[in-house]
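Chemist: Chains as they are written, first to last, in this note's numbering: chain A, 1 to 148; chain B, 1001 to 1148; chain C, 2001 to 2148; chain D, 3001 to 3148; chain E, 4001 to 4148; chain F, 5001 to 5148.
The C-beta atom is built at its ideal place from N, Cα and C for all residues, glycine as well.
Here the structure is a predicted model, which means the values were calculated and not measured.
There are 6 protein chains.
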Amino acid sequence: MGSADDIMMEAGGMSTVKLWTDEDVAGAPKVSAVFDDIRATRNSDFVNNFWRALANQPELLQRTWASVKAVMIEPGLLDPLTKELIYIAVSTVNSCTYCTHSHTAAARAKGMTEQQHAELLAVISLAAHTNSLANALQISVDKEFLVD
Amino acid sequence: MGSADDIMMEAGGMSTVKLWTDEDVAGAPKVSAVFDDIRATRNSDFVNNFWRALANQPELLQRTWASVKAVMIEPGLLDPLTKELIYIAVSTVNSCTYCTHSHTAAARAKGMTEQQHAELLAVISLAAHTNSLANALQISVDKEFLVD
Amino acid sequence: MGSADDIMMEAGGMSTVKLWTDEDVAGAPKVSAVFDDIRATRNSDFVNNFWRALANQPELLQRTWASVKAVMIEPGLLDPLTKELIYIAVSTVNSCTYCTHSHTAAARAKGMTEQQHAELLAVISLAAHTNSLANALQISVDKEFLVD
Amino acid sequence: MGSADDIMMEAGGMSTVKLWTDEDVAGAPKVSAVFDDIRATRNSDFVNNFWRALANQPELLQRTWASVKAVMIEPGLLDPLTKELIYIAVSTVNSCTYCTHSHTAAARAKGMTEQQHAELLAVISLAAHTNSLANALQISVDKEFLVD
Amino acid sequence: MGSADDIMMEAGGMSTVKLWTDEDVAGAPKVSAVFDDIRATRNSDFVNNFWRALANQPELLQRTWASVKAVMIEPGLLDPLTKELIYIAVSTVNSCTYCTHSHTAAARAKGMTEQQHAELLAVISLAAHTNSLANALQISVDKEFLVD
Amino acid sequence: MGSADDIMMEAGGMSTVKLWTDEDVAGAPKVSAVFDDIRATRNSDFVNNFWRALANQPELLQRTWASVKAVMIEPGLLDPLTKELIYIAVSTVNSCTYCTHSHTAAARAKGMTEQQHAELLAVISLAAHTNSLANALQISVDKEFLVD
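Structural data, given as structure tokens:
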């Protein structure tokens, strides 16, 4: 598998923008501050390609990271794993290869078992099935479902 | 609000197929068996329009209801509310009006609070935001995310 | 049902553009020529709202009607009903309310039975189911499927 | 082309789950039973990656294969090639790389000519064109299209 | 048209959440602060339903409004009308009825002519057409298009 | 990067149809005429893979190129760069890898700066964010947004 993986890595050139190396980041204080916070928050030196691509847009990088921190990392009423499952569901329907990979990995890192993954897939695919039926049938909403 | 609601109900004629009344169902044993099982399983006399539209396709009705029972009702590793949250996420991205309404109602019936709904919306909209970025940037997948 | 239908008709004002009446069309030769050809080709006086909305964009109206004639009306290797079934499938996935309604009606006008509609729905919903699985699993393409 | 194909095969590691080899399958009776039925039904020893990925979820594997058999293989009112054309249409709009490849190959195996493929593409792209217009214009449905 | 419009207004009950009235807002300082800023920034007393629905989620309301201000209102390199055209394009493909209506109205308020709207529709529908072809054909990217 | 690029090129075999070489084109007058016009119009000898794939469908090739010329190349009220930005937006939401790459390259060729690209991404991702909220909340359209 090694050589295929290496090609994936080299394939960084296949993004529509340059992926910033740590050296590129070092010379850009705004970007550097976000990368430092990503590393500190995650307690890891690894910064994935999504942020290296967004580095070309410092304001968007800042805003996006701030949202990720607020929504996915700060404690809330939904537990972290549930949020990753929802993230995978959205990414799947949007046909986002990168996000599906990165959030499936994130869910596993947060404890998702293969069994839970299997149930997640069962729910996603059932919803895709009934969504297409309801859209094809243009079913009108029962008044019982409406809020007062 | 009453008159608007009534119109919604009358709007049954706006589906692309006939919505079956209980009288229609009574004359069709295959459909009737599914409706009976829906009512018994849910312990409620209410059968929503989705099933009344699918009644035109008895085999598809049977198969779809069997899947809903297996995935959403039989106990599994994901709790019932989590499954509804995932269902809402998929339905939202597929822009399915009927499913978004029916599963938001179902999630509330299973205990979803307005706060949890708010967090769900925060995750869905963050995922939509980063999905669009990853798709626009065509970011290549980090080898760290790949399974061995 | 009558009053709900009337509201649907009045709801013409809910388009993002004006729907052209026959009087509006009469004063615009480019638009008028297309409407005449629609009526002659279909052998019917009825011109549906899609064309009445596109009348605001004469060049787009012309080009779109020319494509519809070439693809959907001129004889080809796929029969007219098969083409309508494909059209419904695409419209369903794109969550296009108008197109789903208009092409389901068109398919019925070309002979689609309720049984065939049921099978169409079974195929669409199965494809939606397996599409979501393949996208969630990011399954790599078997070399057996690739063209030489 | 050989080397690129090999990389595609090696790229099995790029799925978000393990692809099961025949040896893995041999040790899992539930999975094994489905694989046996796939081979018997298709009268071929080849089992494509979709099923090798789903093998991680035996219940979902069973349910999905049962639906594929019922919808795509058992005789019905729509002929097998028409069903594949509809499948390609749905897969295209859902931007499903795997499904587009596998069902284009399946359609060719069932006799789709390049000319028929060309017409299919013409219908899909026309529908995508008019869907986007109807959605942008939010055209209201003509009462002539509604079912009684 | 009057009565249909009234029904649309009453249809506020058709959202999956309560739409906040000005009285509801008055009792919630966090929400009130955002509504005040919306009114001050837009120099108008009118606050549209999108914000009245988001009022149920004060943090999401704050973050969303902050992003709208930063991206759509603060001066940048793309002029305000161009940004609205892009917004309409995204909303159309996502089949978002509310967003298509609100941003078509916003574009008109910023000077979009019917002719410009017509050209926008021509570009959106052409892109939808070629997108579906490229996805159906799974065309591989020319190396000439890749960044170094 | 060289080897990854080469693999991309070899990956021409990964399309679902044959990509036509100049030699293939030379023997097909209908296709040849379109390729000649593409080269003359763009004043470049380079013909990208999209057209080499469409060459399998001469009528669709002709119609598609005629639309691209009319919409994207002939002067109109929207300037050429604005049209490319809209094209990227649509392609992103449709998750079209090929179109996102080719139109990002086209936008750069027409003068898009990295700063403008950054703003485009900010608008697209904000729209994706609010689209998902409006669809999840099923917000009803304010009567202020409706056309008379």
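(1) Measuring alpha carbon to alpha carbon, tell me which residue in D/Cys3099, D/Leu3060, D/Ala3028, D/Ser3132 is nearest asparagine 3048 of chain D.
(2) With distances taken Cα to Cα, identify the nearest neighbour of leucine 3119 of chain D among C/Ala2118, C/Ile2086, C/Lys2143, C/Leu2121.
(3) So which residues of chain C does threonine 4100 of chain E contact, with C-beta pairs closer than 9 Å?
(4) Tell me whether glutamine 3057 of chain D sits in a helix, a strand or coil according to DSSP, three-state version.
(5) Note down, in chain order, each residue of its chain lying with its Cβ closer than 6 Å to the Cβ of valine 5031 of chain F, except the 5 sequence neighbours on either side.
(6) Taking C-beta pairs closer than 9 Å, name the residues in chain B that isoleucine 124 of chain A reaches, listed in chain order.
(7) Tell me the DSSP secondary structure of serine 1044 of chain B in three-state form.
(8) Would threonine 113 of chain A pass as an interface residue toward chain B - the criterion being a Cβ-Cβ separation below 9 Å?
(9) Could you name the residues of chain B that threonine 5097 of chain F contacts, counting a contact when the two beta carbons are closer than 9 Å?
(10) Could you spell out where the alpha helix (DSSP H) holding asparagine 1156 of chain B opens and where it closes?
(11) Nearest by alpha-carbon distance to alanine 3070 of chain D: which of C/Val2123, C/Val2071, C/His2101 is it?
(12) Taking only beta-carbon positions, decide if threonine 3130 of chain D is within less than 9 Å of chain F.
(13) Count the C-beta pairs between the stretch 3141 to 3148 of chain D and the stretch 2090 to 2108 of chain C that are closer than 8 Å, then say yes if the count reaches three, no if not.
(14) Please state whether DSSP places aspartate 5024 of chain F in a helix, a strand or coil.
(15) Determine the direct distance from the alpha carbon of threonine 1097 of chain B to that of glutamine 3138 of chain D, and round the result to whole angstroms.
(16) According to DSSP, is asparagine 4049 of chain E helix, strand or coil?
(17) Please tell me whether leucine 1121 of chain B has its Cβ less than 9 Å away from any Cβ of chain E.
(18) Residues of chain C with a CB under 9 Å from the CB of alanine 5070 of chain F: which are they?
(19) Note the first and the last residue of the continuous alpha helix (DSSP H) segment covering isoleucine 86 of chain A.
(20) So which residues of chain B does asparagine 43 of chain A contact, with C-beta pairs closer than 8 Å?
(21) Using a threshold of 8 Å, is the CB atom of alanine 1134 of chain B nearer than that to any non-hydrogen atom of the ligand COA?
(22) Between the Cα of leucine 1126 of chain B and those of E/Ser4015, E/Pro4029, E/Leu4060, E/Arg4042, spot the shortest distance and give me the residue it belongs to.
(23) When the cut-off is 9 Å and only beta carbons count, does asparagine 2049 of chain C lie next to chain E?
(24) Compare the Cα-Cα distances from histidine 117 of chain A to each of B/Leu1133, B/Lys1083, B/Asp1036 and report the closest residue.
(25) Which of the three DSSP states is assigned to glutamate 2144 of chain C in this structure?
(26) Report the neighbours of valine 1031 of chain B on chain D: residues whose CB is nearer than 8 Å to its CB, in chain order.
(27) Counting contacts by CB-CB distance shorter than 9 Å, is valine 4147 of chain E in contact with chain D?
(28) Who are the neighbours of lysine 2083 of chain C on chain D, taking C-beta pairs under 7 Å?
(29) When you compare the CB of valine 93 of chain A with every CB in chain E, is at least one pair closer than 9 Å?
(30) Looking at the unbroken alpha helix (DSSP H) that takes in alanine 3106 of chain D, where does it start and where does it end?
(31) Helix, strand or coil, according to DSSP, for threonine 5064 of chain F in the structure here?
(32) Measuring alpha carbon to alpha carbon, tell me which of F/Arg5063, F/Thr5016, F/Glu5023 ends up nearest valine 5034 of chain F.
(33) For alanine 4127 of chain E, decide whether its Cβ has a neighbour in chain D, counting only Cβ atoms nearer than 9 Å.
(34) Taking Cβ positions, are threonine 2016 of chain C and alanine 3136 of chain D nearer each other than 9 Å?
(35) Under 8 Å by Cβ, that's how I've got serine 4132 of chain E and alanine 3128 of chain D pegged, so tell me the actual separation to the nearest angstrom.
Modeler: The short version:
(1) If you number the fourth sequence from 1, residue 3048 of chain D lands on position 48. Of D/Cys3099, D/Leu3060, D/Ala3028, D/Ser3132, the residue nearest in Cα terms is D/Cys3099.
(2) Numbered from its first residue, the fourth sequence carries residue 3119 of chain D at position 119. Checking the sequence shown, residue 3119 of chain D turns out to be glutamate, not leucine. The residue with the shortest Cα to Cα distance from glutamate 3119 of chain D is C/Ile2086.
(3) As a working mapping, residue 4100 of chain E is identified with position 100 in the fifth sequence. Chain C residues near threonine 4100 of chain E: Thr2016.
(4) On the fourth sequence, position 57 is the one that residue 3057 of chain D refers to. Coil at glutamine 3057 of chain D, not helix or strand.
(5) Within the sixth sequence, numbered from 1, the residue matching residue 5031 of chain F stands at position 31. Cβ within range, chain order: Val5025, Ala5055, Pro5058.
(6) Within the first sequence, numbered from 1, the residue matching residue 124 of chain A stands at position 124. Per Cβ cutoff of 9 Å: Ile1086, Tyr1087, Ala1089, Val1090.
(7) On the second sequence, position 44 is the one that residue 1044 of chain B refers to. Correct three-state label for serine 1044 of chain B: coil.
(8) Residue 113 of chain A sits at position 113 when you count from the first residue of the first sequence. Judged by the 9 Å Cβ criterion, threonine 113 of chain A is in contact with chain B.
(9) In the sixth sequence, the residue the question calls residue 5097 of chain F occupies position 97. Within chain B, the residues near threonine 5097 of chain F are Asn1135, Gln1138.
(10) This structure leaves residue 1156 of chain B out entirely; chain B is present only between 1001 and 1148.
(11) Residue numbering aside, residue 3070 of chain D sits at position 70 when the fourth sequence is read from its first letter. With distances taken between Cα atoms, alanine 3070 of chain D lies closest to C/Val2123.
(12) As a first step, residue 3130 of chain D must be located in the fourth sequence, where it is residue number 130. Output row for threonine 3130 of chain D: interface = no.
(13) yes
(14) For the purposes of this step, residue 5024 of chain F is taken as residue 24 along the sixth sequence, with counting starting at 1. Residue state, collapsed to three classes: helix.
(15) Taking the fourth sequence and counting its residues from 1, the one referred to as residue 3138 of chain D is at position 138. Taking the second sequence and counting its residues from 1, the one referred to as residue 1097 of chain B is at position 97. Those two C-alpha atoms are separated by around 15 Å.
(16) Within the fifth sequence, residue 4049 of chain E is the residue found at index 49, counting from 1. DSSP places asparagine 4049 of chain E in helix when its eight states are reduced to three.
(17) Start at 1 with the first residue of the second sequence, and residue 1121 of chain B comes out as number 121. For leucine 1121 of chain B, the answer is yes, since a Cβ of chain E falls inside 9 Å of its Cβ.
(18) As a working mapping, residue 5070 of chain F is identified with position 70 in the sixth sequence. Under the 9 Å cutoff, chain C gives Glu2059, Arg2063.
(19) Residue numbering aside, residue 86 of chain A sits at position 86 when the first sequence is read from its first letter. Looking at the DSSP string, the run of the alpha helix (DSSP H) that includes isoleucine 86 of chain A is 80 to 93.
(20) Here residue 43 of chain A refers to the residue found at position 43 of the first sequence. None at all; the shortest Cβ gap to chain B is about 15 Å.
(21) This structure lacks the ligand COA, and indeed carries no ligand of any kind.
(22) One-based indexing of the second sequence puts residue 1126 of chain B at position 126. Answer by Cα proximity: E/Leu4060.
(23) One-based indexing of the third sequence puts residue 2049 of chain C at position 49. No, asparagine 2049 of chain C lies away from the interface with chain E (no Cβ there is under 9 Å from its Cβ).
(24) By one-based count along the first sequence, residue 117 of chain A stands at place 117. Of B/Leu1133, B/Lys1083, B/Asp1036, the residue nearest in Cα terms is B/Lys1083.
(25) Numbered from its first residue, the third sequence carries residue 2144 of chain C at position 144. Three-state result, glutamate 2144 of chain C: helix.
(26) By one-based count along the second sequence, residue 1031 of chain B stands at place 31. Ordered by position in chain D, no residue passes the 8 Å Cβ test against valine 1031 of chain B, which lies about 18 Å from the chain.
(27) The residue given as residue 4147 of chain E occupies position 147 in the fifth sequence. It does not; no Cβ of chain D falls within 9 Å.
(28) Within the third sequence, numbered from 1, the residue matching residue 2083 of chain C stands at position 83. Correct list: Val3123.
(29) As a working mapping, residue 93 of chain A is identified with position 93 in the first sequence. Closer than 9 Å: no.
(30) The residue you call residue 3106 of chain D lines up with position 106 of the fourth sequence. Its alpha helix (DSSP H) spans residues 3097 to 3109.
(31) The residue given as residue 5064 of chain F occupies position 64 in the sixth sequence. Residue state, collapsed to three classes: helix.
(32) Here residue 5034 of chain F refers to the residue found at position 34 of the sixth sequence. Answer by Cα proximity: F/Arg5063.
(33) Within the fifth sequence, residue 4127 of chain E is the residue found at index 127, counting from 1. With 9 Å as the cut-off, alanine 4127 of chain E counts as an interface residue toward chain D.
(34) In the third sequence, residue 2016 of chain C corresponds to position 16, counting from 1. In the fourth sequence, residue 3136 of chain D corresponds to position 136, counting from 1. It is a contact, given that the beta carbons lie within the stated cut-off.
(35) Taking the fifth sequence and counting its residues from 1, one reaches residue 4132 of chain E at position 132. Taking the fourth sequence and counting its residues from 1, one reaches residue 3128 of chain D at position 128. With a Cβ gap of about 4 Å, serine 4132 of chain E and alanine 3128 of chain D count as contacting.
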